[in-house]
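Following: one structure in structure tokens, then a few remarks.
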Amino acid sequence: MLVIHPILQLSATLMALYVFYLGFQRFRFLHFKQKVKFNWKRHVILGKIAMVSWLAGMAGGICIAYLYWHRFLITGTHGKLAIVMLPLILFGLVSGLYMNRVKKKRKLLPFVHGFVSLIVLALALYQIYSGWWVYNVYVLGN
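Residue numbering for the sequence shown follows my numbering, beginning at 11 and increasing consecutively.
Structural data, given as structure tokens:
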């Protein structure tokens with residue numbers, strides 16, 4: 011059970027890296043006027059999967075910590091950073107869903123959506139590092 015959380019979060023983060031690549035193509039088109047192909051549907055579908063997976067993994071991580079160690083945020087920076095990521099993930103998810111449902115020419119909202127999502131991605135990459143520490147200390151006992 012303790013292995014599911016890291017596998018889910020790592021998978022979501024790897025998927026988010028690809029989603030970022032897709033979104034960067036849109037950024038190049040909107041802000042640099044470069045002719046590039048933007049796979050909108052794939053960006054939306056995989057972005058939803060990655061963000062919902064992060065949220066599910068976050069809930070799972072909190073539950074696992076409580077079930078095994080009877081405390082919340084016992085993992086220090088790893089747990090606290092997840093709480094910081096929560097509103098950013100929600101913003102990325104909601105703004106992405108909004109832009110997908112209400113399609114029109116925009117520049118500011120896609121930029122803010124991409125910037126916030128990039129921050130989440132950077133934090134998720136740091137979570138891999140801190141999660142490795144948590145796994146070694148709390149699970150393996152090293």
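C-beta: ideal position from N, C-alpha, C; glycine also.
query                                                                                                                                       : result
What is the DSSP secondary structure of VAL149, counted as helix, strand or coil?                                                           : helix
How many angstroms separate the CA atom of LEU27 from the CA atom of LEU150?                                                                : 28 Å
Nearest-angstrom Cα distance between TYR145 and LYS115?                                                                                     : 45 Å
Tell me the DSSP secondary structure of PHE37 in three-state form.                                                                          : helix
Given LEU12, which residues of its chain have a CB within under 6 Å of its CB, disregarding the five upstream and five downstream residues? : VAL149
Does DSSP put HIS80 in a helix, in a strand, or in coil?                                                                                    : coil
For LEU98 and VAL62, which I take to be in contact (beta-carbon distance under 8 Å), what is that distance rounded to the nearest angstrom? : With 8 Å as the limit, LEU98 and VAL62 do not qualify as a contact, their Cβ atoms being about 14 Å apart.
I need the boundaries of the alpha helix (DSSP H) containing PHE125, first residue and last residue.                                        : 118-144
Near MET54, what residues of its chain come up, given a Cβ to Cβ distance below 6 Å and the 5 sequence neighbours on each side ignored?     : Residue identity check: residue 54 is Val in the sequence provided, not Met. Cβ neighbours of VAL54 beyond the five flanking positions: ASN110.
Answer yes or no: do HIS15 and GLY70 have a C-beta to C-beta separation smaller than 7 Å?                                                   : yes
Where does ALA132 land, buried or exposed, given buried means 16+ other C-beta within 10 angstroms?                                         : exposed
Which residue's Cα is closest to the Cα of LEU65: LEU24, LEU100 and ARG36?                                                                  : LEU100
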